[in-house]
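Protein chains in written order, with our numbering: chain A, 1 to 450; chain B, 451 to 900.
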């Protein structure tokens, strides 16, 4: 009998509930604060930005939240996603480790982002919202929301970080094909954008600035709301379909992970895979090491400060307790645009402080080397973001080769690189550099914490 | 119970044999001829270009050919591919038709091409070949062969039509990521290329020219062979895994197609899906209408002549009896680069002459309109090539809406458009034109038939 390569679930195995890790933690994460009063924000503070259903999910203490059938209908376009056993990579490495990867690149836009874009669009449409605004960096999130809005008849308006807007025209074209309107950020359309452009007419933008613009626009239009692609509790909640499916797939494989690795930008891909496994760990049913991997150029967990900070550059959002490099921090223009965020999901930060997960940082050249190695053995060219997880996976697999340990490694492969191929071109041409964040630059940025 | 969206097979349902339609036809197709003697070519004539195993498959009269386990191992990276029921498109069209699509975009390079690239690389490696040469237009085939060569340790050298090389840099980067070397064609590296450049220094190339260059290089190097991505019998043979899987999936769905539509360039995607259904039709087990869809700008089946012609521009290949627009024909630069070939698979041509399949031609604007409609309802942005099949599918579905017929339509969705998004950009910007092939241009081209 041939060795099985992938573990595919039937549509009837699509999860019916999202998992909320908060009630299973020894203590809840610190609440977001109003920047003026420094008091916890209430639902009313968030109402101009989010529909009631999502605000309720943001603060829920229920362990499980039902997935509406209208959302599952759209999930079925690509879910359940496959779990692969990376047999060809194992052979190429000569490792006794067993490597698995959960692949989210099968979604319409090529990443895990639609897992939350779809319910966000659904709940907004259900409450009569007609237009969603958002930011996007590399463009995965903007594409996902554009796709989701097309499913429920919503307008979608995206502020895309100028650097990506110019360098990655394919992402913009994908958003437009799904019917969205895309603006480069900073733009002249918002006060936040105009303020930045006045100071820096050539600004290439940042996620923090783009968030300010999208938030500002949503707050001014009673029929519009804002959608965020990572960081918040309800976003991570929606992403847990990844981990719930992976647990069922490990049952099919008759295996249990010893190490789980995922890349972290805002934290949603990592949390989506890791939280259901963390539940099993907290319940004593398995004991995987859970490891977040971040870029050396934007190391919020490993070098940031755990403090209250704004989620955006202009300071329009509530204060979030998180590992942050400072909300004015603008990371080097590394190719993993989805990991260039100054902060970390407050929930992931809290769990990291509790000692339930580890974190490491890796430079982008090692990551792209891992990406090429993976592409040539497994066929999938990984997006720049998950090459960080793959680099960590290969580190672990090579340690096993030395020690002879047959560890089981589970890797979050959150997307493909079809629209990021110029980054591979730069790597193959030897034009890529590793920009280490200097202590001085970090201290300067942290000095701006509110 | 929720309505099922996709029909997914287990790895154990991966076909173990390819299907050869020839012995089931009322008469065999006319043989390829040596251009000098006009006698049928023998295996020795083909030995400088292809390994023995593929030459044997080219002329086999066996109904089934076993798929080597080493090939199935690689197929498992993405196969079996899903069959989708396009429920959201049906709703958007308001049609009583039931629309299914077999999606090949889940492969590592995003199309059906690896189905034959993998066995071609395998058989070459097994016979000691160390280097494969090929041509590519839009780049799907070149990417597929680059991926396949990486699996078996072969060097891969690709001549890419200059127009695509310049306009679609992402495809070149994908080939290079898989380890291939890519040259623009016409190139200074071959006699064929130099001859063209002497006459037309600014030539943007054609598939016919690129084939000449790749063939010439392979013929000069005893360790090298040539690989072709469509047209030939063994290529269509390998693609029948698509149709065999689809038959099993229709059993799961409890349905039977009344109409099958697929786009035709060289014919391999179409034949791959259609031949197993044609077998069932010839055996009287079902009776689908089978319809080939080609671009109005390159209409070999609907307006070409059924005659012996060269497969390449320089006249290095055997003469093939096929529907051809003339081997010197250079089609308008439409966006479906994979359909810009002057001829048609001799096997498809023969089957068309036997009256077993229909053919229609559609202009690219209608095709892209269908592509956008499909993307916004089903999530997948189809490659320019299969938008032709989708346009034909929508024509049929709208006819059903008028007549009230509940026809079952099966569509070959052979790939996604991630690396072709600028074509959608041109369509959305209103910059796309439909260039109809004039009778005068066609007559002029046909006058060059050998």
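Built from N, CA and C at the ideal position, the CB exists for glycine as well.
Since the structure is predicted, the reported quantities are computational estimates derived from the model, not experimental observations.
| Asked | Found |
| --- | --- |
| Inter-stretch contact (C-beta, 8 Å, three-pair minimum) for the stretch 219 to 235 of chain A and the stretch 42 to 53 of chain A | yes |
| Residue from B:751, B:600, B:631 and B:489 whose Cα sits closest to the Cα of residue 664 (chain B) | B:631 |
| Where the beta strand (DSSP E) through residue 225 (chain A) begins and ends | 224 to 226 |
| Cβ separation of residue 883 (chain B) and residue 687 (chain B), assumed to be a contact under 8 Å, to the nearest whole Å | Contact doesn't hold; Cβ gap of about 37 Å is too wide. |
| Exposure label - residue 349 (chain A); buried when at least 16 CB within 10 Å | buried |
| Supposed contact pair residue 240 (chain A) and residue 275 (chain A) - C-beta distance, whole angstroms, cut 8 Å | 5 Å |
| Chain B contacts from the stretch 173 to 192 of chain A (Cβ-Cβ distance under 8 Å) | 173, 174, 176, 177, 178 and 179 |
| Inter-residue Cα distance where the pair is residue 326 (chain A) and residue 405 (chain A) | 40 Å |
| Unbroken beta strand (DSSP E) run spanning residue 611 (chain B), endpoints | 605 to 611 |
| Delimiting residues of the alpha helix (DSSP H) encompassing residue 494 (chain B) | 493 to 496 |
| Through-space distance from residue 382 (chain A) to residue 527 (chain B), alpha-carbon basis | 14 Å |
| Interface partners of residue 460 (chain B) on chain A, CB under 8 Å | 8 |
| Closest Cα partner of residue 715 (chain B) within the set B:658, B:549, B:806 and B:454 | B:658 |
| Of the residues B:768, B:752, B:804 and B:869, the one placed nearest residue 786 (chain B), counting alpha carbons only | B:869 |
| Contact residues within the stretch 869 to 881 of chain B, judged by C-beta distance below 8 Å to chain A | 869, 871, 872, 874, 875 and 878 |
| 4 or more residues per run - each alpha helix (DSSP H) lying fully within the stretch 178 to 233 of chain A | 191 to 199 and 207 to 220 |
| Proximity winner among B:759, B:872, B:840 and B:885, relative to residue 898 (chain B) (alpha-carbon distances) | B:759 |
| Continuous beta strand (DSSP E) stretch holding residue 310 (chain A): start and end | 305 to 310 |
| Short Cβ contact (8 Å threshold) for residue 506 (chain B) with residue 559 (chain B) | no |
| Residues bridged to residue 84 (chain A) (per DSSP) | A:6 and A:101 |
| Cβ-Cβ separation, residue 360 (chain A) to residue 351 (chain A) (assumed contact under 8 Å), whole Å | Their Cβ separation, rounded to whole angstroms, is 16 Å, which puts residue 351 (chain A) and residue 360 (chain A) out of contact at 8 Å. |
| Proximity to residue 298 (chain A) [Cα-Cα], best of A:333, A:345 and A:88 | A:333 |
| Where residue 557 (chain B) falls: helix, strand or coil (DSSP) | coil |
| Rounded separation between residue 841 (chain B) and residue 641 (chain B) - CA only | 41 Å |
| Limits of the beta strand (DSSP E) - the one that residue 908 (chain B) falls within | In the structure as shown, chain B starts at 451 and stops at 900, and residue 908 (chain B) therefore has no counterpart that could be examined. |
| Nonlocal neighbours in the same chain, by C-beta distance under 7 Å from residue 3 (chain A), ignoring five residues either side | 87 |
| Contiguous alpha helix (DSSP H) assignments of at least 4 residues, all confined to the stretch 319 to 405 of chain A | 346 to 353, 364 to 378 and 384 to 403 |
| Per-residue DSSP class, three states only, for residue 149 (chain A) | helix |
| contact_flag[the stretch 601 to 615 of chain B, the stretch 690 to 710 of chain B] where n(CB pairs < 8 Å) is 3 or more | no |
| Span separating the alpha-carbon of residue 403 (chain A) from that of residue 155 (chain A) | 55 Å |
| C-beta contact flag for residue 173 (chain A) and residue 589 (chain B) at 8 Å | no |
| DSSP three-state assignment for residue 18 (chain A), whether helix, strand or coil | strand |
| Cα-Cα separation, residue 465 (chain B) to residue 517 (chain B) | 8 Å |
| Residues of its chain near residue 463 (chain B), where Cβ-Cβ distance is below 8 Å and the 5 sequence neighbours each way are ignored | 530, 695 and 698 |
| Beta-carbon contacts of residue 838 (chain B) that lie in its chain and below 8 Å, excluding the five residues immediately before and after | 713, 743, 744, 745, 786, 789, 812 and 817 |
| Contacting positions in the stretch 362 to 394 of chain A - beta carbon closer than 9 Å to chain B | 371, 372, 375, 376, 377, 378, 379, 380 and 381 |
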